[in-house]
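A.B. asks: When the letters of the sequence shown are read in order and numbered with my numbering, they come out as residues 224 to 557. One structure follows; several queries about it will come next.
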Amino acid sequence: MAKSTNISTNPLRNLSGFRTAESVSPRHPDKLCDRISDALLDAYLEQDKDSRVAIDIAGGHGEIFIAGEVTTTAKNVDAEKLAHKIAGDNLKVYVNIVQQSPEIARGVDTGGAGDQGIMIGFATDETKEMLPREVVLSRRLCQFIYEKYPYDGKTQVTLDGDKIDSVVASFQNVSEKDLRARVEEFFDGEEIRAYHINPAGDWNLGGFDADSGLTGRKLAVDNYGPSIPVGGGAFSGKDPSKVDRSAAYIARRIAVDYLRERKAHEVYVRLAYAIGFDQPLERTVVIDGDSEEIPSEKYDLSPRGIIKALDLKRPIYAKTAEWGHFGEGFSWDK
């Protein structure tokens, strides 16, 4: 994509001012919970593509709690084994999974949305990933560090206009000296005003040993960073009948399409649903500040239409839980 101008219709994205985003590694406690939730979803979908799944994880300090609702014909999903595979063997796992409420199911059975909610899509020409530059930099830095130090960790990048103002990196099991060297290798001599490397000191206790985690707690990391609104719904552990996941994915697809078609700088999409109703109550696209209604003939935004368009009944979700749901080459990014 072409390099963006310093024009944004969102005051939180003043491209000539300061803006910041963070990323977390797959070993961060919240991401461990996201990953377990989506690994379980994939396990059910592998056996029954029509599985309805809503699973949340809370974990920390030697224990993991798996709770949720599942309706499926799958017979051999071992939740405890999957949790141990992702988070380690030295954890006690509690499982409480029941069947989906029939009062929720009756709305989904007729093709309606699995819940009410607002979903946001976004795309910008600022980067090839069509994500805000601060999001891309913080994520790619985190990935670069994680390749060498695959532990719990976080990164953060603050931009001042086109320049990188400051960088934060905190990673488990690596000294400040070695971590700084890795960060500087990533930026390859770029002038940066301030580095904050393991700013609270070097640390070796991470993941569930040091902190607790929860599915869906890293919403800004999973979406587009803090300068872009989020609808509020988490993604991980939910099958695509839940529109807070599937409609967020189609909203990104629509934003990418309009960005390319209109040769725009940035595109926002807003969708809103009511539980049990199959059509969105709002279908707005905002192209460089100008709002339009998304034509119903252009996109089938019913849950069934979204699932078909993006082929969402596949076991594809564990990867989305690792590094963010957008900008990583998924079908809704292309």
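Beta carbons are placed, not taken as given, at the ideal position from N, Cα and C, and that holds for glycine.
#1: Could you name the residues of the same chain whose beta carbon sits closer than 7 Å to that of E515, not counting the 5 residues immediately before and after it, in chain order?
#2: Considering just the uninterrupted stretch of the beta strand (DSSP E) at E292, what are its terminal residues?
#3: Return helix, strand or coil for A262, following the three-state DSSP convention.
#4: Using the three-state DSSP reduction, which class does L314 fall into: helix, strand or coil?
#5: What three-state label does DSSP hand F345 in the structure shown?
#6: Rounded to a whole number of angstroms, what is the C-alpha to C-alpha distance between W555 and K304?
#7: Which value, in whole angstroms, describes the spacing of the CA atoms of I259 and P518?
#8: Quick one: is V321 buried, meaning 16 or more other Cβ sit within 10 Å of its Cβ, or exposed?
#9: Quick check on the DSSP output: the beta strand (DSSP E) that includes R275 runs from which residue to which?
#10: Taking contact to mean at least 3 C-beta pairs separated by less than 8 Å, is the stretch 418-433 in contact with the stretch 272-279?
#11: Looking only at its own chain, which residues have a Cβ that is under 7 Å from the Cβ of S361, when we skip the five neighbours before and after it?
#12: Note down the Cα distance separating N396 from I473, rounded to an integer number of angstroms.
#13: Which residue comes first and which comes last in the alpha helix (DSSP H) that contains F410?
#14: Could you check if T438 is buried or exposed, using at least 16 other CB atoms within 10 Å of its CB as the buried criterion?
#15: Within the chosen definition, does the stretch 415-428 reach the stretch 385-393 through at least 3 CB pairs nearer than 8 Å?
C.D. replies: On the basis of the coordinates in this document:
#1: The count along the sequence shown starts at 1 and reaches residue 515 at position 292. Cβ within range, chain order: V508.
#2: Along the sequence shown, one-based indexing puts residue 292 at 69. E286 to T294 is the extent of the beta strand (DSSP E) around E292.
#3: Within the sequence shown, the letter at position 39 stands for residue 262. Looking at A262 - three-state DSSP - the assignment turns out to be helix.
#4: The count along the sequence shown starts at 1 and reaches residue 314 at position 91. If DSSP states are grouped into helix, strand and coil, L314 belongs with coil.
#5: To locate residue 345, count along the sequence shown from 1; it is residue 122. Of the three classes helix, strand and coil, the one that applies to F345 here is strand, per DSSP.
#6: One-based indexing of the sequence shown puts residue 555 at position 332. One-based indexing of the sequence shown puts residue 304 at position 81. The alpha-carbon of W555 is positioned some 31 Å away from that of K304.
#7: Position 36 of the sequence shown, counted from the start, is the residue given in the question as residue 259. Position 295 of the sequence shown, counted from the start, is the residue given in the question as residue 518. Using only the alpha carbons, I get a separation of about 37 Å.
#8: Reading the sequence shown from its first residue, position 98 is the one you call residue 321. Answer is exposed; the Cβ neighbour count stays below 16.
#9: As a first step, residue 275 must be located in the sequence shown, where it is residue number 52. First-last of the beta strand (DSSP E) with R275: R275 to G283.
#10: No: fewer than three Cβ pairs fall under 8 Å.
#11: Mapped onto the sequence shown, residue 361 falls at position 138. Excluding residues within five positions, the ones whose Cβ falls inside 7 Å are A244, E245, S246, T378, Q379 and V380.
#12: Taking the sequence shown and counting its residues from 1, the one referred to as residue 396 is at position 173. Taking the sequence shown and counting its residues from 1, the one referred to as residue 473 is at position 250. Computed Cα separation, rounded: 39 Å.
#13: What you label residue 410 is simply residue 187 of the sequence shown in a count that begins at 1. Here the alpha helix (DSSP H) through F410 covers E399 to F410.
#14: Numbered from 1 along the sequence shown, position 215 holds the residue referred to as residue 438. Classification for T438: buried.
#15: yes
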